[in-house]
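Number of protein chains: 6
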Amino acid sequence: MRISARNQIVGTIVDVTKGATTSHVRVDIGGGKIITSSITNAAVDELGLKAGGKATVVIKASDVMIAVD
Amino acid sequence: MRISARNQIVGTIVDVTKGATTSHVRVDIGGGKIITSSITNAAVDELGLKAGGKATVVIKASDVMIAVD
Amino acid sequence: MRISARNQIVGTIVDVTKGATTSHVRVDIGGGKIITSSITNAAVDELGLKAGGKATVVIKASDVMIAVD
Amino acid sequence: MRISARNQIVGTIVDVTKGATTSHVRVDIGGGKIITSSITNAAVDELGLKAGGKATVVIKASDVMIAVD
Amino acid sequence: MRISARNQIVGTIVDVTKGATTSHVRVDIGGGKIITSSITNAAVDELGLKAGGKATVVIKASDVMIAVD
Amino acid sequence: MRISARNQIVGTIVDVTKGATTSHVRVDIGGGKIITSSITNAAVDELGLKAGGKATVVIKASDVMIAVD
Chain A
0 MRISARNQIV GTIVDVTKGA TTSHVRVDIG GGKIITSSIT NAAVDELGLK AGGKATVVIK
60 ASDVMIAVD
Chain B
0 MRISARNQIV GTIVDVTKGA TTSHVRVDIG GGKIITSSIT NAAVDELGLK AGGKATVVIK
60 ASDVMIAVD
Chain C
0 MRISARNQIV GTIVDVTKGA TTSHVRVDIG GGKIITSSIT NAAVDELGLK AGGKATVVIK
60 ASDVMIAVD
Chain D
0 MRISARNQIV GTIVDVTKGA TTSHVRVDIG GGKIITSSIT NAAVDELGLK AGGKATVVIK
60 ASDVMIAVD
Chain E
0 MRISARNQIV GTIVDVTKGA TTSHVRVDIG GGKIITSSIT NAAVDELGLK AGGKATVVIK
60 ASDVMIAVD
Chain F
0 MRISARNQIV GTIVDVTKGA TTSHVRVDIG GGKIITSSIT NAAVDELGLK AGGKATVVIK
60 ASDVMIAVD
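Residue numbers (numbering that gives the first Met the number 0), protein chains in the order written: chain A, 0 to 68; chain B, 0 to 68; chain C, 0 to 68; chain D, 0 to 68; chain E, 0 to 68; chain F, 0 to 68.
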């Protein structure tokens, strides 16, 4: 499957923190950069996400903001 | 200003493409990775964004998805 | 690729309307229902999207609201 | 009230799963398709959402991605 | 129609700027505060949005960030 | 830091409700208007958000919808 989202970065899952309905998944994309994702527990279970696993973070361009000093 | 968004990555603007109301800004965050952002032309003008400038991409955790092979 | 987004519905592209930087893609998901998507022109080109093509609409659960009468 | 969101699909609530602050509401939109929504517990209470109730899923076009095989 | 989005603020449309596919609508919510919305041209046409008209801005809680100095 | 998000409104935090992974922060922006934000617990802790504190709500224009009667 190829998806329209402009931003797709491969990395390694650092940790998965499960809440009551929502999980936080942190992915190391290299160069000391960590991306945090907030997704459903159902998605974590279905994809079998766990620390050490390979994963791609996917972000739609319209959800990216730009900041300057 | 410090913001709640979990993902803030410093980089360099590669290019700015202006449309009628919406611009696309691409930011090189290092390691061969480019992040594409879709923002208003007004924001581009106000922040003075242009190729070569330093910029931080800002992404809320709830806008990040995870994919696996 | 499998993605965490909870909503993935297969359909047929009805039409693609290109703007200066942003395109609107409408997908018929059956039962008389049309889903409208707003994505970058770059994504339309890269995926080769055009009327009549098969496509899957992908929507993160946190982007879905609920309304009642 | 009429809203700008391009995607408004009527269905029937399948179930409501409440977490600590966030609920997941699943809506059957017909044709065997289920849409999952992640909203606040406060919204669930205020709208009186429960299994079997009629509900409309509302999705802004800029939150819809397109995937192809 | 009542919607799950936690943030619904009534105001008056200041101006509507149409692009090729995307419009920007600015709404005065009182107290000198202007909210900018980016929606499809189709929505602007369908709802008949124009300067001086009454309108409600609608924002899902998961799309709101918090910043501090 | 200046950010591209078109909507930045200063207010006072009314309350912070922490869930397992996700918090709801309500901000009084004056004129009897309250904005609700759903962010990670980690962001609440890092920014030291608590009732009575000054805070700015930040909302990207593409996340704002318009409704009319």
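Cβ coordinates follow ideal geometry from the N, Cα and C atoms, glycine included.
Values in this document were obtained by computation on a predicted structure and should not be read as measured data.
Quick one: residues in its chain with C-beta nearer than 6 Å to the C-beta of residue i, no 5 flanking neighbours on either side, listed in chain order?
| i | result |
| --- | --- |
| isoleucine 8 (chain F) | Ile28, Val56 |
| alanine 19 (chain A) | none |
| glycine 30 (chain F) | none |
| alanine 60 (chain F) | Arg5 |
Spatial neighbours of residue i within its chain, please: C-beta separation below 7 Å, excluding the five flanking residues on both sides.
| i | result |
| --- | --- |
| aspartate 68 (chain B) | none |
| isoleucine 58 (chain D) | Ala4, Asn6 |
| leucine 46 (chain D) | none |
| threonine 35 (chain A) | His23, Arg25 |
What residues are listed by DSSP as bridge partners for residue i?
| i | result |
| --- | --- |
| isoleucine 8 (chain F) | F:Val56 |
| alanine 69 (chain E) | This structure does not reach residue 69 (chain E), given that chain E is present from 0 up to 68, and the question cannot be answered. |
| valine 38 (chain B) | The sequence shown places isoleucine at residue 38 (chain B), not valine. Bridge partners of isoleucine 38 (chain B): B:Ser22. |
| lysine 49 (chain F) | According to DSSP, which records beta bridges pairwise, lysine 49 (chain F) is partnered with nothing at all. |
| glycine 29 (chain D) | D:Lys32 |
| aspartate 14 (chain C) | C:Arg25 |
Going by beta carbon distance, what residues of the same chain come within less than 8 Å of residue i, once the five residues before and after it are set aside?
| i | result |
| --- | --- |
| threonine 21 (chain F) | Ser37, Ile38, Thr39, Asn40 |
| isoleucine 33 (chain C) | Val13, Arg25, Val26, Asp27 |
| valine 43 (chain F) | Val15, Lys17, Ser22, Val24 |
| alanine 66 (chain B) | none |
| aspartate 62 (chain F) | none |
Report the CB separation of residue i from residue j in whole angstroms; it is logged as a contact under 8 Å.
| i | j | result |
| --- | --- | --- |
| isoleucine 2 (chain F) | methionine 64 (chain A) | 6 Å |
Return no unless some Cβ of chain H is closer than 8 Å to the Cβ of residue i.
| i | result |
| --- | --- |
| arginine 5 (chain D) | Judged by its chain identifiers, the structure shown contains no chain H, and its protein chains are A, B, C, D, E and F. |
*Flag this pair as touching only if the segment 11–19 of chain B and the segment 45–56 of chain B have three or more C-beta atom pairs under 8 Å; answer yes or no.*
yes
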